[in-house]
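Each protein sequence line maps, in turn, to chains A and B. The opening residue of the first sequence carries number 120 in the working numbering; numbering runs sequentially from there. The opening residue of the second sequence carries number 3 in the working numbering; numbering runs sequentially from there. Idealized CB from N, CA, C, for every residue including glycine. These notes concern the structure reproduced below.
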Amino acid sequence: MWLVLKMLWKSLARILRKLGWGALLVPVAAMGIALFGLHLWTAAAVVLALILWVWRPAAAAALVPVTMVAAGIAGLAVASAAPQWQGGWAARTLSVSVTGKGSLYVISPQQQVKAAQAQWVALLPGAPPPVSISALPAGPAKVCLPPGAAKGFPPPGPALGSPPPGPALGSPPPGPAQVFVGPPGALHPVPLNKVFARGPCKPVGWVVIAQRGPRFVPPGWWDGRVLVPLALILLTLGLWLAPRTMVGVVDRAATLVQRLRQHMRENRWGVLLVPVTLFGLTVFGVRPWTVAMVIAAVIVAVKWPKVAADLVPVTLAAFALYGFEIASKWQATPWFATPAAFANPQQYGAVLVDSRQTALLAGAEASVLLALGAWLVPRTIGAHLRTMFSPEPDGGLAGQVQRLTESRGHVINAATTELRRIERDLHDGAQARLVALGMSLRAVERMLPASPQAALALVAEARETSLRALSDLRSLVRGIYPPVLADRGLGHAIQALALDTPMPTELDISLPGRPPAPVESACYFAVAEALANAVKHSGARRVHVRVEHAKGMLRIEVTDDGVGGADLTRGTGLSGIERRLGTFDGILAVSSPPGGPTMIVMEVPCALSSQKTSSS
Amino acid sequence: MRVVVAEDLFLLRDGLTRLLAAHDFEIAAAVDTAPRLLTALLEHRPDVAVVDVRLPPSFADDGLQAALAARRQVPGLPVLLLSQYVEQLYAREMLADQAGAVGYLLKDRVFNDDQFVDAIRTVARGGTVMDPDVVAKLLGRRSRDEPITRLTARELEVLELMAEGRSNAAIAQRLYVSEKAVGKHTSSIFIKLGLAQSEDDNRRVLAVLAYLNA
């Protein structure tokens, strides 16, 4: 079950990521149709939402929580304003028609009106009817009601009860619904199923069917059981989504949020436990146990801030559930009376719950609490669970810090080693040769007057020395930063590498721009090392290099068809590459089963500069 | 012979112009940036240009790019490129148009002024001159190649010198053998590599380079 839920949530999150939060605006707008019916304006809202999502996804995303909160509040407002009881009557208004030559008369205690002119008449099924209708002349007149109009009322049947004495005034008998037909003065009851015939009729007026009784007539399934929960869910979701989607607004309030965050980071979320329990004080009153709770909260917040932080969302959720329970009382209460449910008005946070409206308000408040609790979960319980269950260096900030410390150490070591190598190469190479050159030239100076021939030989030697110095410098430069890499970028530099590789090398390079110089250099030397390995150890006949950049990731594959058996842990070459790439959060993976092929994959997260590499 | 020199370092530019003037070249222009080089090449149409690969403004391969651009407008404009390092990639780009009249040498080769001036004259005549380092790299790439391994050591030597752009006579002089012997070696090389024979030195060099570059 949990797995199914998790998968559902994952796929939903994936879809949302792909479509963006703005896509939510469309179903939220579609709820308008569900709430208010299919009207021009509700349909237009859906179309507008669709257009907004396509043209301005960011704005649509920002509007999602706003509309959700608005829809939630509107739902609550509709629920609180909807008249479930009208003077003690559950009522439905129906169009009524009549066929035949007769006219339909309405007889009420006050007056007798021809139904064709009447605005309403009342049929009172299951209760003493204070009014009745009559058709004139008595006879084949038919009264038509829309199908299902009498649904939910006691079924008409043969047991109609006794006819009322005289005109249906005075004290009519109890029993199921009745319609009286006849001239005013000589009305007689007719079974509903006989009067309410089917077939096309001419509308003449409206009938209000009302019922009074001890039992509460439930509102429709939609507005009674679904509207309020849905409104509360929307409100909660909207408040929870708000910080995610309303980035622009959050940006504007950034300084304030930053300061609050700083404060919260220093004091931990646990501090919140005290005000939260204080809220409980308002709900349950000042009692020994509530006061004890507040004192306990203070102690826990000070001594075990982590535990206190974890308790905050739990407590908030509990209070929210209690608030929802209060809100659920809205339904059980007529608006015109202070019912038993609200006999003892109760405080819930800022709201004194003494009526349906305030009960719903308490529900809204509970939504805010639950949203806050849900928002806190990943920052408190989630964070603690993460650190508890993933102590390995891969997880969490601590792991990243450790990795960064390690890679920084490697970088400093590598840089120092590299500088030493350069210093030694210069010292033993070019520098020594330049000294020799100077000495040779000095010797030439001395020799020239006496023996020009010997001097000439020395000059040739000096020139040879200068050539060697140049050659030394050239290979040194190549090892520090290959000139072709500086000139042309990674793509061409790898091309140049491939040309220098004494093995057929296929290239598949697609780089629309240039990675940052340090990444380029690291990747260049990585490819150089991989190619050198392929030449030296693999016995491969050909090697394939593939370079591409997608989704902020530079990916390089070097594949050869050699004997395989390359190992990251043996030798320094590959692990050196791995360390160097690690500096940029890059990774190196080697797949080299015995018998080959060997595939070396490097991935470095980086952005490409827009500068195009020159075409070759 | 009129020559345009492009080199951004004043000392080297000055040295080059002196060296060329001493060998009876007429310096049409000595420039220090790639855009000026392109202008000078198109304006003066020199008999040959001596160009540093790395030039301002971006200090990348601007000299090479300017030379290639000029050769696109004036096909076969003789250009000798100088560089602190040699790349097969760049050699390949210069040889791509098959027009000849290109040279690619390490700056060190300037030290031997006789050979250097020879190289300039070869390029001016429409010949091709490749630095021994480039040729060594080209051969290195081909070291596992079947046809190349069938060459004898002497034939390999001849192939190298041929690829550097030397004529049969120059090769003969270098290897202390007769020109006829060199001719025998070259035809053997051409047969072994499966290349079409050609009497023309220049076309022969291009064929060899094209083969090695393939």
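Chain A beta carbons: is any one of them nearer than 7 Å to that of B/Glu89?
In the second sequence, residue 89 of chain B corresponds to position 87, counting from 1. At least one chain A Cβ lies under 7 Å of B/Glu89.
The beta strand (DSSP E) with A/Glu625 in it runs from where to where?
Numbered from its first residue, the first sequence carries residue 625 of chain A at position 506. For A/Glu625, the uninterrupted beta strand (DSSP E) run begins and ends at Thr624 to Ser629, by DSSP.
Endpoints, the alpha helix (DSSP H) within which A/Gln465 is located
For this step, residue 465 of chain A is matched to residue 346 along the first sequence. Premise fails: A/Gln465 lies in the beta strand (DSSP E), Gln465 to Tyr467, not in any alpha helix (DSSP H).
What's the gap between the Cα of B/Glu89 and the Cα of B/Ser180?
In the second sequence, the residue the question calls residue 89 of chain B occupies position 87. In the second sequence, the residue the question calls residue 180 of chain B occupies position 178. In a straight line, the C-alpha of B/Glu89 is about 33 Å away from that of B/Ser180.
A/Asp547 burial status per 10 Å Cβ neighbour count (16 or more: buried)
Locating residue 547 of chain A in the first sequence gives position 428, counting from the first residue. That one is exposed.
Does the Cβ of B/Glu157 have 16 or more other Cβ atoms within 10 Å, making it buried, or fewer, making it exposed?
Residue mapping note: residue 157 of chain B aligns to position 155 of the second sequence, counting from 1. So B/Glu157 counts as buried.
Please state whether DSSP places A/Ala132 in a helix, a strand or coil.
As a working mapping, residue 132 of chain A is identified with position 13 in the first sequence. Helix.
Minimum length 3: unbroken beta strand (DSSP E) runs contained in the segment 91-126 of chain B:
104-108
Roughly how many angstroms lie between the CA atoms of A/Trp454 and A/Arg133, to the nearest whole one?
Counting from one through the first sequence, the residue named residue 454 of chain A turns up at place 335. Counting from one through the first sequence, the residue named residue 133 of chain A turns up at place 14. For A/Trp454, the pLDDT reaches just 43, beneath the cut-off of 50, and the residue's location in the model is therefore unreliable, although a value from the coordinates is still provided. Between A/Trp454 and A/Arg133, the C-alpha separation is close to 45 Å.
Applying a beta-carbon distance threshold of less than 8 Å, which residues of chain A neighbour B/Phe264?
Because chain B in this structure spans residues 3 to 216, residue 264 of chain B falls outside the shown range and cannot be described.
Does the structure place the segment 691-699 of chain A close enough to the segment 584-604 of chain A that three or more beta carbon pairs sit under 8 Å?
no
Could you tell me which chain B residues have their CB closer than 7 Å to the CB of A/His611, listed as they occur along the chain?
Walking along the first sequence from the start, residue 611 of chain A turns up at place 492. Chain B residues near A/His611: Leu91.
Under 8 Å Cβ-Cβ, which residues of chain A neighbour B/Gly142?
Position 140 of the second sequence, counting from 1, holds the residue named residue 142 of chain B. Neighbours of B/Gly142 on chain A, chain order: Asp619 and Pro621.
Proximity test, Cβ basis, 7 Å: B/Ala62 and chain A
Mapped onto the second sequence, residue 62 of chain B falls at position 60. It does; some Cβ of chain A falls within 7 Å.
Can you check DSSP and say which residues form a bridge with A/His668?
In the first sequence, residue 668 of chain A corresponds to position 549, counting from 1. Under DSSP, A/His668 shares a beta bridge with A/Leu673.
Status (buried if at least 16 other CB within 10 Å, exposed otherwise) for A/His158:
Start at 1 with the first residue of the first sequence, and residue 158 of chain A comes out as number 39. A/His158 should be labelled exposed.
Label B/Phe27 either buried or exposed according to how many other C-beta atoms from any shown protein chain fall within 10 Å of its C-beta, with 16 as the threshold for buried.
Counting from 1 along the second sequence, the entry for residue 27 of chain B is found at position 25. Per the 10 Å Cβ criterion, buried.
Where does B/Phe12 land, buried or exposed, given buried means 16+ other C-beta within 10 angstroms?
Translated into the one-based positions of the second sequence, residue 12 of chain B becomes position 10. Result: exposed.
By the criterion of Cβ-Cβ separation under 8 Å, what are the contact partners of A/Ala615 in chain B?
As a position in the first sequence, residue 615 of chain A is number 496, starting the count at 1. For A/Ala615, the chain B residues whose Cβ falls inside 8 Å of its Cβ are Glu89, Gln90 and Leu91, in order along the chain.
Sorted by chain position, which residues of the same chain lie with C-beta nearer than 7 Å to A/Gly139's C-beta, five sequence neighbours on each side aside?
By 1-based counting over the first sequence, the position of residue 139 of chain A is 20. If we look at A/Gly139 and ignore the five residues flanking it on each side, its Cβ neighbours are Pro176 and Ala180.
Distance, Cα to Cα, A/Val402 vs A/Thr186?
Stepping through the first sequence from its first residue, residue 402 of chain A is reached at position 283. Stepping through the first sequence from its first residue, residue 186 of chain A is reached at position 67. Each residue's Cα considered, the two are about 30 Å apart.
Quick check on the burial criterion: 16 or more other C-beta atoms within 10 angstroms. Buried or exposed for A/Asn652?
Here residue 652 of chain A refers to the residue found at position 533 of the first sequence. Classification for A/Asn652: buried.
Within chain A, partners of B/Asp110 - CB distance below 9 Å:
Residue 110 of chain B sits at position 108 when you count from the first residue of the second sequence. Within 9 Å Cβ-Cβ: Ser585, Leu586, Leu589, Ser590 and Arg593.
Distance CB(A/Leu687)-CB(A/Met721) smaller than 7 Å
The sequence position of residue 687 of chain A within the first sequence is 568, counting from 1. The sequence position of residue 721 of chain A within the first sequence is 602, counting from 1. Their beta carbons are not under 7 Å apart, which means A/Leu687 does not touch A/Met721 by this criterion.
Against chain B, with Cβ distances strictly below 7 Å, would A/Pro602 count as a contact?
Taking the first sequence and counting its residues from 1, one reaches residue 602 of chain A at position 483. Answer yes: the Cβ-Cβ gap between A/Pro602 and chain B drops below 7 Å somewhere.
Unbroken alpha helix (DSSP H) run spanning A/Asp619, endpoints
Position 500 of the first sequence, counted from the start, is the residue given in the question as residue 619 of chain A. Per DSSP, A/Asp619 belongs to the alpha helix (DSSP H) from Leu609 to Asp619.
Once DSSP output is grouped into helix, strand and coil, what is the label at B/Ala30?
Taking the second sequence and counting its residues from 1, one reaches residue 30 of chain B at position 28. B/Ala30 falls in the strand class under three-state DSSP.
Evaluate contact between the segment 54-71 of chain B and the segment 149-169 of chain B, counting only Cβ atoms and requiring at least three cross-stretch pairs below 8 Å.
no
Straight-line CA distance for A/Val197 to A/Leu488?
For the purposes of this step, residue 197 of chain A is identified with residue 78 of the first sequence, where counting begins at 1. For the purposes of this step, residue 488 of chain A is identified with residue 369 of the first sequence, where counting begins at 1. C-alpha separation (whole angstroms): 22 Å.
Interface residues of chain A facing B/Gln86 [CB-CB closer than 9 Å]:
Residue mapping note: residue 86 of chain B aligns to position 84 of the second sequence, counting from 1. Within 9 Å Cβ-Cβ: Leu589, Leu592, Arg593, Val596 and Pro602.
Hey, would you say B/Arg143 sits closer than 7 Å to A/Pro621, going by beta carbons?
Looking up residue 143 of chain B in the second sequence gives position 141. Looking up residue 621 of chain A in the first sequence gives position 502. In this structure, A/Pro621 lies closer than 7 Å to B/Arg143 by Cβ.
How close, in whole Å, do the beta carbons of A/Glu484 and A/Gly518 come, if the pair is a contact with beta carbons under 8 Å?
For the purposes of this step, residue 484 of chain A is identified with residue 365 of the first sequence, where counting begins at 1. For the purposes of this step, residue 518 of chain A is identified with residue 399 of the first sequence, where counting begins at 1. The Cβ separation is near 40 Å, so there is no contact.
Residue range of the alpha helix (DSSP H) that A/Ser585 falls in?
Here residue 585 of chain A refers to the residue found at position 466 when the first sequence is read from its first residue. Counting along the chain, the alpha helix (DSSP H) containing A/Ser585 begins and ends at Pro571 to Ile599.
Mark A/Lys655 as exposed unless 16 or more other C-beta atoms lie within 10 angstroms of its C-beta, in which case mark it buried.
Position 536 of the first sequence, counting from 1, holds the residue named residue 655 of chain A. When all chains shown are included, A/Lys655 counts as exposed.
With distances taken Cα to Cα, identify the nearest neighbour of A/Ala555 among A/Asn532, A/Ala189 and A/Ala579.
Your numbering for residue 555 of chain A matches position 436 in the first sequence. Closest by alpha carbon: A/Ala579.
Less than 7 Å separating the beta-carbons of B/Thr130 and B/Val6?
Along the second sequence, read from residue 1 onward, the residue named residue 130 of chain B stands at position 128. Along the second sequence, read from residue 1 onward, the residue named residue 6 of chain B stands at position 4. The beta carbons of B/Thr130 and B/Val6 sit no closer together than 7 Å.
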